[in-house]
Structures are given as structure tokens and as C-alpha cells.
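> Before I ask anything, let me first share the structure, which is written out below as C-alpha cells.
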Amino acid sequence: MAPLANSEYNRRTRAAKDVVGIWHETHAVARTESIYVGIPPTGLAAAAGTKPVTSHTDRARQRFETGR
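Take any residue in the sequence shown, count from 1 to its spot, add 1: that is its number in the working numbering.
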């Protein structure tokens, strides 16, 4: 965000603390795994996409050995 827009956004969100939430993530990982059951993907999985678990990848060892 542009600095002026960012400061205005921050000012307004602080004023509306019971209405607006901020979520920030920073990831610096070579590999990661997130499992979502009954909820939509969030955060990194929502941004990068997901892959379904199959009978060939239903064990963590299988997924990490194949690079999934």
C-alpha cells in the first residue's frame, strides 16, 4: 500500500477495533503442509493452492518423499 493510504487504513482499523481484524503471515520455509477438513483453505494454502490427498499420498511420508 502507498504510505498515505496505509497510514489512513491503520488509523481507521485501530478506531474500529471490534469490527476489523488484521491477519499477517510471513513464511520463509522450504516445505510446508497444511491440512484442511471441513473448512476452506486459509492463508498460504489459499494463496498458493492445494492438492487433494489420494490413496497414493495418504501418508505424510509419501507426500514429502514425492515432493507433494
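All C-beta atoms in this analysis are idealised placements derived from N, C-alpha and C, irrespective of residue type, glycine included.
Whole angstroms is fine: what's the gap from residue 46's alpha carbon to residue 34's?
Walking along the sequence shown from the start, residue 46 turns up at place 45. Walking along the sequence shown from the start, residue 34 turns up at place 33. Spanning the two alpha carbons is a distance of roughly 9 Å.
> Near residue 26, which residues of its chain fall below 8 Å by C-beta distance, leaving aside the five closest residues on each side in sequence?
Stepping through the sequence shown from its first residue, residue 26 is reached at position 25. These residues qualify, in order along the chain: 44 and 45.
> Which runs of the alpha helix (DSSP H) fall wholly inside the region 10–54 and span at least 4 residues, in chain order?
As far as the region 10–54 is concerned, its whole alpha helix (DSSP H) runs of at least 4 residues are 45–49.
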